[in-house]
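Residue numbers (this note's numbering), protein chains in the order written: chain Z, 2 to 116; chain W, 1140 to 1250.
The C-beta atom is built at its ideal place from N, Cα and C for all residues, glycine as well.
Nothing here was measured: the structure is a model prediction, and the numbers come from that model.
Below is one structure, written out as structure tokens, with a few remarks after it.
Rendered as structure tokens:
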């Protein structure tokens, strides 16, 4: 079974631009979550999508948004980029059933550099 | 407010010995705990998990212990191998499917 894939792997943008990152979950996984990793803040939860609906959102400004498509693929968008948005953006997918285990499997990440 | 903490930023052990990585949490609503291994510029790799209703889970060389009263969990790796050298993160599942991560512990296993 193929793992979680993320594209692109690397991005360089300038302040004020916007960026869209893409994530394809493991086949059959319906929950997709996004995380940001920075040296200062560590791994932080951005949001989670399930059945095309945002189910949870972390403590990030509205410039960070996302969506999920009917095939469970997900995109996240960051508008008006700031230097502090430079980070490794990780996507994770998981199966979902009530009361069950919810191990999340991560993709390789997209390294975003904002100049 | 750090809800999940890994107080040891680094740990060095000899090959063949036991590695013990620790993690503390404050939120009693967490229902699942997970350990991940991570190399630089890669995504975390899932290692092992434990439900809050259990106190131990074992998978090969990896064992996770959960002490709910102390809000503490630990990962034991026996025997440690040089290939285990990486950064280890503990994570706790809260509302929905949201994971809260600790700051990580860098494990170095010396041959």
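DSSP-derived helix/strand/coil call for residue i
i	result
residue 1222 of chain W	helix
residue 84 of chain Z	helix
residue 1193 of chain W	coil
residue 1267 of chain W	Since the first residue shown for chain W is 1140 and the last is 1250, residue 1267 of chain W is missing from the structure and cannot be characterised.
residue 57 of chain Z	strand
residue 1153 of chain W	strand
residue 73 of chain Z	coil
residue 45 of chain Z	strand
residue 1165 of chain W	coil
residue 52 of chain Z	coil
Strand pairing of residue i, partner residues [DSSP]
i	result
residue 1216 of chain W	W:1158, W:1201
residue 1232 of chain W	W:1171, W:1238
residue 93 of chain Z	Z:34, Z:107
residue 1227 of chain W	W:1176, W:1244
residue 25 of chain Z	Z:6
residue 114 of chain Z	Z:13
residue 68 of chain Z	Z:76
residue 1188 of chain W	W:1173
Inter-residue CB distance, residue i and residue j (contact presumed, cutoff 8 Å)
i	j	result
residue 55 of chain Z	residue 63 of chain Z	With a Cβ gap of about 12 Å, residue 55 of chain Z and residue 63 of chain Z do not count as contacting.
residue 33 of chain Z	residue 107 of chain Z	Incorrect: roughly 11 Å between the Cβ atoms, too far for contact.
residue 116 of chain Z	residue 15 of chain Z	5 Å
residue 1229 of chain W	residue 1143 of chain W	6 Å
residue 1182 of chain W	residue 110 of chain Z	5 Å
residue 1200 of chain W	residue 1218 of chain W	7 Å
residue 37 of chain Z	residue 90 of chain Z	6 Å
| said: Closer than 8 Å is the cut-off here; do at least three beta carbon pairs connect the segment 68 to 87 of chain Z with the segment 17 to 25 of chain Z? | reply: Three or more beta-carbon pairs separated by less than 8 Å link the segment 68 to 87 of chain Z to the segment 17 to 25 of chain Z, which places the two stretches in contact.
| message | Output needed in chain order: residues of the segment 32 to 55 of chain Z with a Cβ under 7 Å from some Cβ in chain W. | response | The residues in question are 32, 34, 43, 44, 46, 49.
| What residues in the segment 84 to 97 of chain Z have a beta carbon less than 9 Å from any beta carbon of chain W? | Identification of residues in the segment 84 to 97 of chain Z having a C-beta nearer than 9 Å to some C-beta of chain W yields 89, 91, 92, 93, 95, 97, given in sequence order.
| message | Pairs of beta-carbons, one from the segment 1150 to 1166 of chain W and one from the segment 41 to 57 of chain Z, closer than 8 Å: are there three or more? | response | Contact annotation: the segment 1150 to 1166 of chain W does not touch the segment 41 to 57 of chain Z, with fewer than three C-beta pairs closer than 8 Å.
| message | I'd like to know if the segment 1184 to 1194 of chain W and the segment 1236 to 1247 of chain W are in contact, where contact means that at least 3 CB-CB pairs between them fall below 8 Å. | response | Not touching, per the Cβ criterion.
| Under 9 Å (Cβ pairs) to chain Z, residues found in the segment 1215 to 1230 of chain W | Correct list: 1228, 1230.
| task | Would you check if the segment 69 to 81 of chain Z and the segment 1162 to 1179 of chain W touch, i.e. whether three or more CB-CB distances between them fall below 8 Å? | result | At 8 Å Cβ cutoff, the stretches do not touch.
| query | Between the segment 1184 to 1196 of chain W and chain Z, which residues of the former have a C-beta closer than 8 Å to a C-beta of the latter? | reply | For the segment 1184 to 1196 of chain W, which is checked against every Cβ of chain Z, the residues closer than 8 Å are 1184, 1185, 1188, 1190.
| message | So if I threshold CB-CB distances at 7 Å, which residues from the segment 1157 to 1177 of chain W count as touching chain Z? | response | Within the segment 1157 to 1177 of chain W, contact with chain Z at the beta-carbon level (separation under 7 Å) is assigned to 1171, 1173.
| query | In the segment 7 to 27 of chain Z, which residues sit with their C-beta less than 7 Å from some C-beta in chain W, listed in chain order? | reply | Those would be none; no residue qualifies.
| said: Can you pull out the residues from the segment 1237 to 1248 of chain W whose beta carbon lies closer than 9 Å to at least one beta carbon of chain Z? | reply: Against chain Z - using a Cβ distance shorter than 9 Å - the residues of the segment 1237 to 1248 of chain W are 1237, 1238, 1239, 1240, 1241, 1242, 1243.
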